[in-house]
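First the structure, in the form of structure tokens, and then the observations on it.
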Amino acid sequence: MSGRENRHPNVVTKVCEYCGRALVVAGAGRPRRYCTAACRQRAYRSRAIAAEVRERIELGQLALQLRDNADRLLLLSQGWHPPDGTDNLDDLLSTTVRLATELSHRGHVLGSDETGHETPLPRSPD
Ligand SMILES: [Zn+2]
6 MSGRENRHPN VVTKVCEYCG RALVVAGAGR PRRYCTAACR QRAYRSRAIA
56 AEVRERIELG QLALQLRDNA DRLLLLSQGW HPPDGTDNLD DLLSTTVRLA
106 TELSHRGHVL GSDETGHETP LPRSPD
């Protein structure tokens with residue numbers, strides 16, 4: 006008998022989103038996504054680590070843009086004119102301030118956890 010012919014139409018068979026084991030989901034309430042609390046916790050930690058990696062990559066890109074802007078400002082101050090004509094100082098300054106402000110607001114991640122493994126992650130919400 007396939008799952009679609011189940012005598013209990015409100016019971017569906019799913020798999021744990023972390024380990025892939027079969028998991029029975031009752032129809033009422035919020036459907037379970039994980040077979041055990043351990044799988045739920047591991048999935049939460051995986052998402053938290055992935056989010057931190059993404060954040061570090063984005064911060065690195067912001068820092069590179071900021072450095073590029075600082076280089077352009079230095080060169081402009083020395084009388085350089087970019088060959089592509091993009092020497093609008095107001096735009097460059099406002100972009101630089103925006104980048105620096107965003108880095109300042111988001112940069113807290115950079116100071117934490119040099120090893121990548123020792124910082125305890127927050128507990129998953131229940
Ligand atoms: Zn599982």
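Heads up, the sequence shown is in my numbering, so the first residue is 6 and it goes up one at a time.
We put the CB at the ideal spot given by N, CA and C, even for glycine.
Fair warning: this is a prediction, and the values are worked out from it, not measured in the lab.
| Query | Result |
| --- | --- |
| Please report the distance separating the alpha-carbon of I54 from that of A48. | 10 Å |
| Under 7 Å Cβ to Cβ from L28, same chain only, skipping five residues before and after it: list those, please. | K19, V20, C21, R37 and C40 |
| So, are the CB atoms of T100 and N74 less than 8 Å apart? | yes |
| Thinking C-beta only, is L97 closer than 8 Å to R111? | no |
| Any heavy atom of ligand 1 within a distance shorter than 7 Å of the CB on R26? | yes |
| If distances are taken between C-alpha atoms only, which option among L94, A68, L69 and L67 comes closest to L80? | L94 |
| Hey, L104 and L67 are a contact pair by Cβ (cut 8 Å); roughly how many whole angstroms apart? | 6 Å |
| Would you say the beta carbon of Y49 comes nearer than 7 Å to a heavy atom of ligand 1? | no |
| If you run the structure through DSSP and keep just helix, strand and coil, what is A75? | helix |
| If I follow the unbroken beta strand (DSSP E) through V29, where does it start and stop? | A27 to V30 |
| With respect to 7 Å, is the separation between the Cβ of T41 and the closest non-hydrogen atom of ligand 1 below this value? | yes |
| By the three-class DSSP mapping on this structure, what secondary structure does T18 have? | strand |
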